[in-house]
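Right, one structure below, let's go through it.
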Amino acid sequence: MRAENDKRDLQSPGGHVPVMLDRVLELLAPALDRPEPVLVDANLGLGGHAEALLAAHPALHLVGIDRDPTAIERSTARLEPYADRITLVRAVSDELPAVLERIGRRRIDGALFDLGVSSPQLDEAGRGFAYSYDAPLDMRMDPEEELTAEVVVNTYPVAELIRILRDYGEERFAPRVAHLIAKERAREAITSTKRLAEIVRTAIPAATRRTGGNPAKRTFQALRIEVNAELTALERALPAALDALTLGGRVVVLAYHSLEDRLTKQILTARTRDTSPPGLPVPLPAHQPRFALLTRGAELPGEEEVARNPRAASARCRAAERIREAVDES
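Numbering (my numbering), first residue to last: -16 to 313.
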């Protein structure tokens, strides 16, 4: 285990410790202990994991991707001591293949996906991600994108709102919430996080409101995923990272809600399965799995970490390693 004073050194200016840091370092180490390894941090955020990986592997070149210009700016400053070993790119994670092509790195040795919303996005009230602050309904990770949570809330048809709340927020009262949103926006446009949170609270039955935390949590999650197309990006980016891994290369994914974790599990499971037709005496080389799982199910943070950093409580870690190159069937 990394010493406590080392962990304090890796804190961001806001005091945030990267989630499951020791386990991430442990899982990626075998793939990075080789000459001139390359790792993609597909959701760079504050650069905490990136800093620790660069410190642990002096030969590592890290490619950091993030759509948020504030994240790129802060990580550039934080990682300045490693400036000659980093390439930071403002992009969405599913642009990973284009990013690698642009910088001339066709294959990589490791990939890290630290999914979801970052601490600065949550803590900066003006971004509109959190229901605990009164702010404009924004929720854009990239402030240059056109779609905002305000547009979704005030213009989407009720049926589409129900779908988003049900599919992305797993909100069992999605119809009640969507219909009340429609009723309220007809009176006056819903433009603030505070008003939306109050509408959601009113829509949720009183008995349900008494348990499970803030009743607006699921609605805000759903809107954030819709605005930023987060699941779509993961659905494209994770397979692209797996395709780019060298033999022995590893990918680690930190998910923070069941939708992210379920999609990650599906993608990794598909790559670790033998797809030979049943009944064959010998597995077909072209159908043997190219990857092996490194985690048994989803690993959780320890009690000590959750006590130190409550935001780690929902984290779920999965990892896989490339064990076989693709077979050329031409």
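Built from N, CA and C at the ideal position, the CB exists for glycine as well.
query: Cβ neighbour criterion (16 or more within 10 Å) applied to aspartate -8; result: Note that aspartate -8 has pLDDT 38, beneath the 50 cutoff, so the model's placement of it is unreliable and the number below is only indicative. Under this definition aspartate -8 is an exposed residue.
query: Buried versus exposed, by CB contacts within 10 Å (16 or more), alanine 42; result: exposed
query: Where alanine 309 falls: helix, strand or coil (DSSP); result: coil
query: Three-state secondary structure assigned by DSSP to histidine 40; result: coil
query: Residue nearest to methionine 3 in terms of C-alpha spacing, selected from Asp24, His32, Arg273; result: His32
query: Cβ contact check for the stretch 117 to 131 and the stretch 168 to 182: 3 or more pairs under 8 Å; result: yes
query: Rounded straight-line distance, which links the Cα of glycine 93 to that of threonine 215; result: 21 Å
query: From Leu36, His270, Pro80, residue whose alpha carbon lies closest to that of leucine 8; result: Leu36
query: Whole-angstrom C-beta distance between alanine 303 and alanine 275, which should lie under 8 Å; result: 7 Å
query: Backbone secondary structure at threonine 70 - three-state DSSP; result: strand
query: Complete alpha helix (DSSP H) runs within the stretch 190 to 238 (minimum length 4 residues, chain order); result: 200 to 211, 213 to 227
query: 7 Å CB neighbourhood of alanine 157 in its chain, flanking five on each side removed; result: Ile145, Leu148, Arg149
query: Valine 160: first and last residue of the uninterrupted alpha helix (DSSP H) it sits in; result: 157 to 170
query: Residues of its chain near isoleucine 167, where Cβ-Cβ distance is below 7 Å and the 5 sequence neighbours each way are ignored; result: Reading the sequence as shown, one finds glutamate at residue 167 and not isoleucine. Correct list, in chain order: Ile173, Ile182.
query: Beta carbon of arginine 207 nearer than 7 Å to that of glutamate 154; result: no
query: Candidates Val234, Val210, Tyr139, of which the one nearest alanine 25 by Cα; result: Val234
query: Own chain, CB closer than 6 Å to arginine 192, minus 5 neighbours either side, in chain order; result: Pro198
query: DSSP beta-bridge partners of glutamate 304; result: Arg233, Ala275
query: Helix, strand or coil at glycine -3 according to DSSP, with G and I counted as helix; result: Its pLDDT being 44, under 50, glycine -3 is placed unreliably by the model, and the measurement read from it follows with that caveat. Of the three classes helix, strand and coil, the one that applies to glycine -3 here is coil, per DSSP.
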